[in-house]
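Just so you know, we're using full-length UniProt numbering here: the sequence shown kicks off at 1 and counts up by one. Here the structure comes first, spelled out in structure tokens, and everything after it is commentary.
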Amino acid sequence: MESTPTSTLKYYDQMNLPGSEPQVISFSSRHFAGLEVSLSRYKRRWFITFPRAYGMIAPQRILSPLNIPDDNMPEEHARNHFWYNPSVTGNENQVPYKPDDPEARLSPIHMLLDGKAIMRTIHYPDVPQIARMTGRMRSERSSSQDYSKGKEVVCYEVEVLIPDEGLLRQCYYCLAWEASGPMKRWKPCGEYMFWCGWCQSRGWLVSSTTGAWGKLLRDTWTPLLNKNYYRPRDSLYSSP
Ligand SMILES: [Zn+2]
1 MESTPTSTLK YYDQMNLPGS EPQVISFSSR HFAGLEVSLS RYKRRWFITF PRAYGMIAPQ
61 RILSPLNIPD DNMPEEHARN HFWYNPSVTG NENQVPYKPD DPEARLSPIH MLLDGKAIMR
121 TIHYPDVPQI ARMTGRMRSE RSSSQDYSKG KEVVCYEVEV LIPDEGLLRQ CYYCLAWEAS
181 GPMKRWKPCG EYMFWCGWCQ SRGWLVSSTT GAWGKLLRDT WTPLLNKNYY RPRDSLYSSP
């Protein structure tokens, strides 16, 4: 298995201003009308997310899950690899992947593999990829209730080329999302978990009431976040 090229990581390092924190890496592609998207992860589950609210188009921030977590994948490998499973995306008729396929509108794997990074408002057309296929394929059981229900589906292994710091984070306690552009990043508050500045500043309260405070915040905020939207909960942390 090839490792992430050093040149790619160096490039993304240079995208961050000297002395500032690494920022969220957002990207766009022809497959989603050039709209800005980002990548997020909770444990071994990956998502395409919106790095900003798009009003009625995207009152929530999770656009599409990308995979079913693979607990058998070695830890080191799982940090930047996953098996893209089209049955989890709700758009499973868009495979196989063909580079820059003009017919592949709204296809999550096309958005990801053909995506070009955006730095603030400047669009660089020739930047290194966000992710690429490793060339390995395998079958997984479909999780769809629709097209491929009960069948095996072909899955592709994907290598993520951007560093972990470039992924969009969500606050574990109040479910607030980060945004693209210069901002103070959410800090880690546990393995795979982050908290926003507001929750971090009340960390004594969070820790003194353990899980109950987090549950209270989430139960209060989640219905508000879900208003006018059909998905039951917009949370990275609700996945297994
Ligand atoms: Zn918070």
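Beta carbons: idealized from backbone N, C-alpha and C, even for Gly. Values in this document were obtained by computation on a predicted structure and should not be read as measured data.
Can you tell me which of the options puts its alpha carbon nearest to the alpha carbon of residue i?
i: Arg136; options: Leu167, Ala179 and Pro96; result: Pro96
i: Leu167; options: Met133, Ser143 and Met193; result: Met193
i: Phe27; options: Arg45, Phe50, Trp46 and Ser20; result: Phe50
i: Gln200; options: Leu113, Trp177 and Cys171; result: Cys171
i: Gly150; options: Leu175, Tyr156 and Ser142; result: Ser142
i: Tyr147; options: Asn91, Leu175, Arg41 and Trp198; result: Asn91
i: Leu175; options: Lys98, Val154, Leu236 and Gly181; result: Leu236
i: residue 241; options: Cys189, Ser29, Asp164 and Gly190; result: With the chain covering 1 to 240 only, the question about residue 241 has no answer from this structure.
i: Leu25; options: Tyr84, Gly181 and Pro74; result: Rather than Leu, the amino acid found at residue 25 in this sequence is Ile. Out of Tyr84, Gly181 and Pro74, Gly181 has the C-alpha closest to the C-alpha of Ile25.
i: Tyr173; options: His77, Gly190 and Glu157; result: Gly190
i: Arg41; options: Phe82, Arg30, Glu157 and Trp198; result: Phe82
i: Ser64; options: Arg79, Ala78, Ser87 and His77; result: Ser87
i: Ser38; options: Arg169, Trp198 and Arg138; result: Arg169
How should residue i be labelled, buried or exposed, when 16 other C-beta atoms within 10 angstroms of its C-beta is the threshold for buried?
i: Arg61; result: buried
i: Ala53; result: exposed
i: Ser107; result: buried
i: Glu103; result: exposed
i: Arg45; result: buried
i: Ser238; result: exposed
i: Thr134; result: exposed
i: Gln23; result: buried
i: Gly115; result: buried
From the DSSP output, read off the bridge partner residues of residue i.
i: Glu159; result: His81 and Arg132
i: Lys187; result: Trp195
i: Arg141; result: Glu152
i: Ala117; result: Phe27
i: Gln200; result: According to DSSP, which records beta bridges pairwise, Gln200 is partnered with nothing at all.
i: Cys171; result: Phe194
Mind checking which residues open and close the alpha helix (DSSP H) that includes residue i?
i: residue 251; result: Past the edges of the chain, shown from 1 to 240, lies residue 251, and the structure says nothing about it.
The beta strand (DSSP E) with residue i in it runs from where to where?
i: Phe27; result: Ser26 to Ser28
i: Pro65; result: Ile62 to Pro65
i: Ile48; result: Arg45 to Thr49
i: Arg41; result: Ser38 to Tyr42
Check whether the Cβ atoms of residue i and residue j sit closer than 8 Å, and answer yes or no.
i: Trp195; j: Lys184; result: no
i: Phe47; j: Met111; result: no
i: Val160; j: Ala131; result: yes
i: Thr89; j: Leu113; result: no
i: Cys155; j: Glu140; result: yes
i: Asn85; j: Val153; result: yes
i: Ala74; j: Lys43; result: What sits at residue 74 in the sequence shown is Pro, not Ala. Not a contact, by the Cβ cut-off of 8 Å.
Could you tell me whether any Cβ in chain B is nearer than 8 Å to the Cβ of residue i?
i: Arg45; result: In summary, chain B is missing from the structure at hand, where a single protein chain is found.
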